[in-house]
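The listed protein sequences correspond, in order, to chains Z and H.
Under the numbering used here, the first residue of the first sequence is numbered 1, with each subsequent residue one higher.
Under the numbering used here, the first residue of the second sequence is numbered 113, with each subsequent residue one higher.
All C-beta atoms in this analysis are idealised placements derived from N, C-alpha and C, irrespective of residue type, glycine included.
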Amino acid sequence: ETGVTQSPTHLIKTRGQQVTLRCSSQSGHNTVSWYQQALGQGPQFIFQYYREEENGRGNFPPRFSGLQFPNYSSELNVNALELDDSALYLCASSTQGQETQYFGPGTRLLVL
Amino acid sequence: QQQVKQSPQSLIVQKGGISIINCAYENTAFDYFPWYQQFPGKGPALLIAIRPDVSEKKEGRFTISFNKSAKQFSLHIMDSQPGDSATYFCAARKVFNKFYFGSGTKLNVKP
Chain Z
1 ETGVTQSPTH LIKTRGQQVT LRCSSQSGHN TVSWYQQALG QGPQFIFQYY REEENGRGNF
61 PPRFSGLQFP NYSSELNVNA LELDDSALYL CASSTQGQET QYFGPGTRLL VL
Chain H
113 QQQVKQSPQS LIVQKGGISI INCAYENTAF DYFPWYQQFP GKGPALLIAI RPDVSEKKEG
173 RFTISFNKSA KQFSLHIMDS QPGDSATYFC AARKVFNKFY FGSGTKLNVK P
């Protein structure tokens, strides 16, 4: 088991709503990356945070946004939810400059 | 478009057999190639990884073979066990730890 935790584990929202997902990184890690994993697919990179700033972004619209806090924990915010946003959202923590990243168990979001 | 292509989509292997999963990439900027194992309801866990200056890496029953000129790499699981039944993902990294994942291979090892 990694030290990366995510909350909540499951979430149901309706189209148009907003959602906030949370991630606590493993002790000593200063970088958090967020991924979206649709059913039956591999994780897709959303963005990465390092030193409280966005440090790289995948092909996701601006309604996907994030924050990183001084203790390196992070939030993923999604506005104006769409049905296609239904997925498992994973965060991964790592140390900048090192390749290994550790994933949390994910938050499963269902948009109705 | 898919930056890392993975095959097969699913694989059934008898206990004790060899499981082989293949991945291919196009972008020569990738500099690190990990394999992840994911069980239902869990996040992916790092299994083994390789850098492009090495052609093979072995850790226990798991081996990565890497062919830089062909831009292909594969995972071999020797003496496959029912406990290895999971979904396996290859991935490739660009700068700032931005990873691109394959679409996954669901492995079923029959007792």
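Taking only three categories from DSSP, how would you classify residue i?
i        : result
H:Gly129 : coil
H:Val207 : helix
Z:Gly66  : strand
H:Gly214 : coil
H:Gly195 : helix
Z:Leu81  : coil
Z:Gln25  : In the sequence under discussion, the amino acid at residue 25 of chain Z is Ser, which differs from the Gln named in the question. Residue state, collapsed to three classes: coil.
Z:Gln37  : strand
H:Pro146 : strand
Z:Asn71  : coil
Z:Cys31  : It should be noted that the sequence gives Thr, not Cys, for residue 31 of chain Z. In the structure shown, Z:Thr31 sits in a strand (DSSP, three-state: E or B).
H:Lys169 : strand
H:Phe201 : strand
Z:Lys13  : strand
H:Lys154 : coil
H:Asn134 : strand
What do you reckon, are the CB atoms on residue i and residue j nearer than 8 Å?
i        : j        : result
H:Ile124 : H:Leu187 : no
Z:Thr9   : Z:Val111 : no
Z:Thr100 : Z:Asn30  : no
H:Gln118 : H:Ala204 : no
Z:Ser33  : Z:Ala92  : yes
Z:Leu81  : Z:Gly16  : yes
Z:Val4   : Z:Phe103 : yes
Z:Ser7   : Z:Ser73  : no
H:Phe213 : Z:Pro105 : no
Z:Leu90  : H:Gly153 : no
H:Glu138 : H:Lys180 : no
H:Lys206 : H:Ala141 : yes
Z:Pro70  : Z:Glu53  : no
Starting from residue i, trace the beta strand (DSSP E) both ways and give me its first and last residue.
i        : result
H:Gln114 : Segment: none, H:Gln114 is in no beta strand (DSSP E) and carries neither H nor E.
H:Ser177 : 174 to 179
Z:Asn55  : 53 to 57
Z:Val111 : 107 to 111
Z:Ser7   : 5 to 7
H:Ala161 : 157 to 162
Z:Phe45  : 44 to 50
H:Cys185 : The displayed chain sequence assigns Phe, not Cys, to residue 185 of chain H. 184 to 189 is the extent of the beta strand (DSSP E) around H:Phe185.
Z:Ser94  : 87 to 94
Is residue i near the ligand SAH, in the sense that its beta carbon is under 7 Å from a heavy atom of that ligand?
i       : result
Z:Pro43 : Although the ligand SAH was asked about, the structure shown includes no ligands whatsoever.
In chain order, what residues of the same chain have a beta carbon less than 6 Å from the beta carbon of residue i, not counting five sequence neighbours either side?
i        : result
H:Gly215 : Checking the displayed sequence, the identity of residue 215 of chain H turns out to be Ser instead of Gly. Once the five neighbours on either side are set aside, the close Cβ partners of H:Ser215 are Gln118.
H:Ala161 : Pro146
Z:Gly56  : Gln48
Z:Arg108 : His10, Leu88
H:Ser177 : Glu168, Ser186
Z:Leu67  : Glu75
Z:Phe64  : Ile46, Val78
Z:Arg22  : Ser7, Glu75
Z:Phe60  : Ile46
Leaving out five residues on either side along the sequence, give the residues of the same chain with a beta carbon under 8 Å from the beta carbon of residue i.
i        : result
H:Arg163 : Asp143, Tyr144, Phe145
H:Gln121 : Ser215, Gly216, Thr217, Lys218
H:Val166 : Phe178
Short of 7 Å in beta carbon distance, which residues of its chain neighbour residue i, apart from the five on each side in sequence? Order them along the chain.
i        : result
H:Arg173 : Ile189, Met190, Asp191
H:Leu159 : Trp147, Tyr148, Gln149, Phe174
Z:Ala38  : Ala87
H:Lys127 : Ser192, Gln193, Pro194, Val221, Lys222, Pro223
H:Phe151 : Ala198
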